[in-house]
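A.B. asks: Using UniProt numbering, count along the sequence shown one by one with no gaps and you end on 380.
The C-beta atom is built at its ideal place from N, Cα and C for all residues, glycine as well.
No experiment lies behind these values; they were computed from the predicted model shown.
One structure, pasted below without further comment.
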Amino acid sequence: MKSADVVIIGAGMAGCISAKLLSAQGLKVVLVDKYEQSPPVFRAEKLEKDQIDLLQKFDLLSQRRPLAEPLGVNVNYSEGRITEDHDVEQYGIRYHDTVNQFRLEVSKFVEYRVAKVESIDEDPQNGQSQIIKLADAESLNAPLVIVASGYRSSLLKKRGVEYREDKGLASLSYGFDIERTDKSAFDSNAYGYFLKPAKNEIDYITVFRIGDVMRANVFTQLKSPDPRVKELKTNTHSSLIKYFPKLESLIGSFKVTSKVEMFATHFYQMLTPNINGVVAIGDAYQSVSPTTGTGLSKVLNDVDVLCNVFVPRWFEQQSFDSEQINEYYHFAQKKESDSDSKRSWVWYSDRTDLVYKLKKNALLQWLVRKSKIKKFLRPD
Numbered sequence: 001m002k003s004a005d006v007v008i009i010g011a012g013m014a015g016c017i018s019a020k021l022l023s024a025q026g027l028k029v030v031l032v033d034k035y036e037q038s039p040p041v042f043r044a045e046k047l048e049k050d051q052i053d054l055l056q057k058f059d060l061l062s063q064r065r066p067l068a069e070p071l072g073v074n075v076n077y078s079e080g081r082i083t084e085d086h087d088v089e090q091y092g093i094r095y096h097d098t099v100n101q102f103r104l105e106v107s108k109f110v111e112y113r114v115a116k117v118e119s120i121d122e123d124p125q126n127g128q129s130q131i132i133k134l135a136d137a138e139s140l141n142a143p144l145v146i147v148a149s150g151y152r153s154s155l156l157k158k159r160g161v162e163y164r165e166d167k168g169l170a171s172l173s174y175g176f177d178i179e180r181t182d183k184s185a186f187d188s189n190a191y192g193y194f195l196k197p198a199k200n201e202i203d204y205i206t207v208f209r210i211g212d213v214m215r216a217n218v219f220t221q222l223k224s225p226d227p228r229v230k231e232l233k234t235n236t237h238s239s240l241i242k243y244f245p246k247l248e249s250l251i252g253s254f255k256v257t258s259k260v261e262m263f264a265t266h267f268y269q270m271l272t273p274n275i276n277g278v279v280a281i282g283d284a285y286q287s288v289s290p291t292t293g294t295g296l297s298k299v300l301n302d303v304d305v306l307c308n309v310f311v312p313r314w315f316e317q318q319s320f321d322s323e324q325i326n327e328y329y330h331f332a333q334k335k336e337s338d339s340d341s342k343r344s345w346v347w348y349s350d351r352t353d354l355v356y357k358l359k360k361n362a363l364l365q366w367l368v369r370k371s372k373i374k375k376f377l378r379p380d
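Written out as structure tokens, the structure is:
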């Protein structure tokens with residue numbers, strides 16, 4: 001049985017960055033994923049300023065793919081007005097290409113195993129160690145296991161971990177490539193079209209450059225069996241013109257040039273477990289709505305807190321019991337990040353109903369007329 005200091009399950013962005021940071025601390029790290037290469041997936045496609053800052057801190061910003069210039073000026077449409085935002089730093093990325101580059105970089109410093117993990121069990125001979133069983137019949141042994149395998153890890157469920165869910169707090173996003181019908185270049189590398197709060201549960205569309213392609217992301221709170229779920233996927237162009245009537249005035253006449261991808265999720269959060277030596281980060285702990293733009297922020301913050309604050313402490317103390325692990329989940333910086341992410345999600349959900357409440361509430365109508373709460377009716 002091979003031994004390590006840390007075994008990381010999941011070689012997505014969270015797992016790869018954790019492996020890099022912990023290896024740099026002199027720890028023996030084994031990174032495990034069932035795929036050698038990340039398959040094409042529709043995930044985070046734009047880096048925001050706080051995410052850029054953290055990737056720079058981790059010395060990984062230069063590993064993003066494509067390695068393109070910042071998007072520059074954002075041209076936005078909201079409430080009948082077109083505005084330009086010059087004070088913004090963003091990059092368009094291909095998530096799977098970026099993750100694969102991270103894997104290539106990290107494999108220089110850590111052992112990267114391609115295998116499916118069957119289970120994580122406490123070592124019966126040593127309560128301060130975990131046995132990670134792989135599908136190829138081999139096992140690994142480590143005092144600390146980081147679960148970074150995404151959506152509500154089945155490995156954690158096998159250990160008795162439970163999740164608190166709110167399926168009413170849902171998110172459905174679409175992603176696809178577009179080009180101008182006259183083949184000309186777009187006037188800007190980044191656009192945003194924000195709808196007024198309404199019960200149609202469609203929030204906004206962003207259009208931005210990834211390398212030599214213009215990419216569109218549509219963010220909604222739609223849920224099946226709503227017919228608009230299929231409509232936006234199969235009749236994408238006509239649906240966009242229907243729900244964003246000024247879109248072609250903003251970006252020009254366009255057509256969809258790729259498959260329309262979808263990503264659906266709902267809110268869940270892991271209930272603090274009583275497990276020694278196993279810690280969850282990213283979506284393995286709590287889901288995020290892509291609409292809020294905080295997905296990567298929460299993931300990178302999880303990594304920062306875990307790898308730069310807690311893991312060094314645990315190894316210094318040689319203590320990996322559940323009490324120590326749970327201090328990470330309750331650390332102020334992490335709790336604030338988790339709360340901000342959920343709060344933003346709830347805000348988008350609540351705003352869809354606020355317009356209808358206004359019709360029935362004279363006080364709220366008066367507040368809106370007095371511009372007391374207008375700023376809360378549109379995204380930041």
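CA-CA distance, H96 and S129?
C.D. replies: The straight-line gap from Cα to Cα measures roughly 32 Å.
A.B. asks: I'd like to check one pair, N189 with F219: are the Cβ atoms closer than 8 Å?
C.D. replies: Not closer than 8 Å, so no.
A.B. asks: I think V30 touches A4, with their Cβ atoms under 8 Å apart; what is that distance to the nearest whole Å?
C.D. replies: V30 to A4, Cβ: 4 Å. Contact.
A.B. asks: For the beta strand (DSSP E) containing M214, name the first residue and the last one.
C.D. replies: Start and end: V213 to T220.
A.B. asks: With DSSP collapsed to three states, give me the class of I8.
C.D. replies: DSSP places I8 in strand when its eight states are reduced to three.
A.B. asks: Please state the DSSP three-state secondary structure of R180.
C.D. replies: DSSP places R180 in strand when its eight states are reduced to three.
A.B. asks: Is the distance from the Cβ of R64 to the Cβ of I93 below 8 Å?
C.D. replies: In this structure, I93 lies closer than 8 Å to R64 by Cβ.
A.B. asks: Does the segment 262-282 come within contact of the segment 171-181, defined as at least 3 CB pairs closer than 8 Å?
C.D. replies: The segment 262-282 vs the segment 171-181: in contact.
A.B. asks: Rounded to whole angstroms, what's the CA-CA distance from V75 to S23? Just pull it up for me.
C.D. replies: Approximately 42 Å, taken between the alpha carbons.
A.B. asks: Determine the DSSP secondary structure at F208, reduced to helix, strand or coil.
C.D. replies: Of the three classes helix, strand and coil, the one that applies to F208 here is strand, per DSSP.
A.B. asks: What are the boundary residues of the beta strand (DSSP E) that V145 is part of?
C.D. replies: V145 -> beta strand (DSSP E) spans L144 to V147.
A.B. asks: Give the DSSP-derived three-state secondary structure of F102 in the structure shown.
C.D. replies: Here F102 sits in helix by DSSP.
A.B. asks: Give a yes or no on contact between the segment 228-242 and the segment 116-123, applying the rule of three or more CB pairs nearer than 8 Å.
C.D. replies: No, the segment 228-242 is not in contact with the segment 116-123.
A.B. asks: In whole angstroms, what separates the C-alpha of G15 from that of D182?
C.D. replies: Their Cα atoms are separated by approximately 43 Å.
A.B. asks: With a 10 Å radius around its C-beta and 16 neighbouring C-beta atoms as the bar for buried, classify I8 as buried or exposed.
C.D. replies: With 16 or more Cβ atoms within 10 Å of its Cβ, I8 is classed as buried.
A.B. asks: Answer with buried or exposed for Q317, where buried requires no fewer than 16 other C-beta atoms within 10 angstroms of its C-beta.
C.D. replies: Exposed.
A.B. asks: When the Cα of Y35 is compared with those of R113, D177 and P245, which residue comes out closest?
C.D. replies: Ranking the options by Cα distance to Y35, first place goes to R113.
A.B. asks: Kindly identify the DSSP beta-bridge partner or partners of R164.
C.D. replies: According to DSSP, which records beta bridges pairwise, R164 is partnered with Q269.
A.B. asks: Leaving out the 5 sequence neighbours to the left and right, which residues in its chain are closer than 6 Å to S289 when beta-carbon positions are compared?
C.D. replies: So the list reads S171 and W345, once near-sequence residues are dropped.
A.B. asks: Which whole-angstrom value is the C-beta distance of C147 and V278, which I expect to be below 8 Å?
C.D. replies: For the sequence presented, residue 147 should be read as Val rather than Cys. About 6 Å; that satisfies the 8 Å criterion.
A.B. asks: If V6 and L144 are in contact, beta carbons under 8 Å, what's the gap, nearest whole angstrom?
C.D. replies: That pair is a contact at about 5 Å.
A.B. asks: Could you give the first and the last residue of the continuous beta strand (DSSP E) run that contains Q130?
C.D. replies: Q130 -> beta strand (DSSP E) spans Q130 to L134.
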